[in-house]
Every structure is written in C-alpha cells, then in structure tokens.
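The numbers in my numbering rise by one with no breaks, and the one at position 65 of the sequence shown is 52. In this text, a Cβ means the ideal position worked out from N, Cα and C, and glycines have one as well.
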Amino acid sequence: MHKVLMVCLGNICRSPLAQGILETISKKNNFPIHVDSAGTGNWHSGSAPDKRSIEVAKKYGIDISQQKARQFSTEDFKKFHKIYAMDTQNYRDLLRLCSNEEECDKVALILNVLNKEERLSVPDPYYGGKDGFENIYRLLYSACERIVADFTK
Ligand code: 4NP
C-alpha cells in the first residue's frame, strides 16, 4: 500500500488537516493509501490538532479530532514512500535529515503538485485568525485532489 507522510512544524495545524483531507479524498476514490503526519518540532507531541483545524475540517465533513501530534523521525524516511513538506522551512529541515538519495528524493513541497515553478508554502496559520484556516483548507484540498488524481491516472 502507498504510504504518505505530511510534515509541518508543530503537527497541530497544517499537516493534520492535510492527512485528514488526503485520507478522505482517497477513500472517495477507492484508492488504498496509508497517510500519517508529523512535525519537525516536538513542542506539541501527544496533543490533538489545533481547535481551529478541527473546526474547519468538521465544517467540510472531515473528523481529525482523534489525531495525536508526533515529531518526525528519520525512521519515517524508511516507512513512507512520499513525504510532503508544508513549507520551504520544513522542506529544508527534512533535506538536512535525509541520509541518501533515495530518502531525499521522497521529500517534496506539497504545493509543488499544483505549481512546480513557484515553490509556494502552505502559510503557517498558527498566529492568525480563522480565515487562515479556511485558506489552508482550500490549498490542501486542491493539492490532495491532485495527488490522488496523479496516483489513479
Ligand atoms: P503547524 O502550525 O506547523 O501547521 O502545526 C504551528 C503550530 C504551532 C507552532 C507553530 C506552527 N508553534 O510555534 O507552537
């Protein structure tokens, strides 16, 4: 089964949402996939996703409330086929941790699935308002739709 890991900084805002969205779209398309998420930082390990991420997911019929944050581990390079970084900082951090070409090649910036040239980041919504969460939901939904479409074509 294909295994995908979503990575952000805290693993409480962006990557849990990315995980829930990719799981949901894959299920809808009967595409078997294992999705997980992790943070490059460890401050929130063991915590549920941020309330605002839980809320925006719930608004669109996705339940991410049972997820628990964890820190990325170099073992993840072996366990997953693809590792999507939410922003360019997460991307650089992951590339510092991979130890060979095969591992490093698994890392990609998630919004590059939509637009390779611009190297866009999913903006960190932590210190902003509700709009930021609505915005990242839309960005992540479009990216995850493309990921599933590319898998199933
Ligand atoms: P995330 O957002 O990386 O999307 O989970 C953040 C969550 C917490 C912090 C930063 C970003 N923080 O500094 O605690």
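Between Asn77 and Val(-6), the CB-CB gap stays under 7 Å. Rounded to whole angstroms, the separation of the alpha carbons of Leu127 and Pro110 is 11 Å.
Rounded to the nearest angstrom, the gap between the Cα atoms of Asn29 and Val43 is 24 Å.
Contact between the stretch 46 to 61 and the stretch 1 to 11 is present: three or more C-beta pairs spanning the two stretches fall below 8 Å. The closest CA to that of Asn(-2), considering only Thr11, Lys14, Met73 and Gly26, is found on Gly26.
By the 16-neighbour rule on beta-carbons within 10 angstroms, Asp92 is exposed.
Per the C-alpha coordinates, the member of Lys69, Ser32, Lys38 and Arg39 positioned closest to Lys55 is Ser32. Cys0 is the residue among Leu101, Cys0, Glu104 and Ser129 whose C-alpha sits nearest the C-alpha of Asp37.
With contacts defined as CB atoms closer than 7 Å, Lys103 and Val(-9) fail to qualify as a contacting pair. For Ser60, the closest of Met(-12), Ser13, Asp80 and Lys45 by C-alpha to C-alpha distance is Asp80. By the neighbour-count criterion, in which 16 or more other beta carbons inside 10 Å mark a residue as buried, Met(-12) falls on the exposed side. Closer than 6 Å to some heavy atom of the ligand 4NP: that describes the Cβ of Tyr113.
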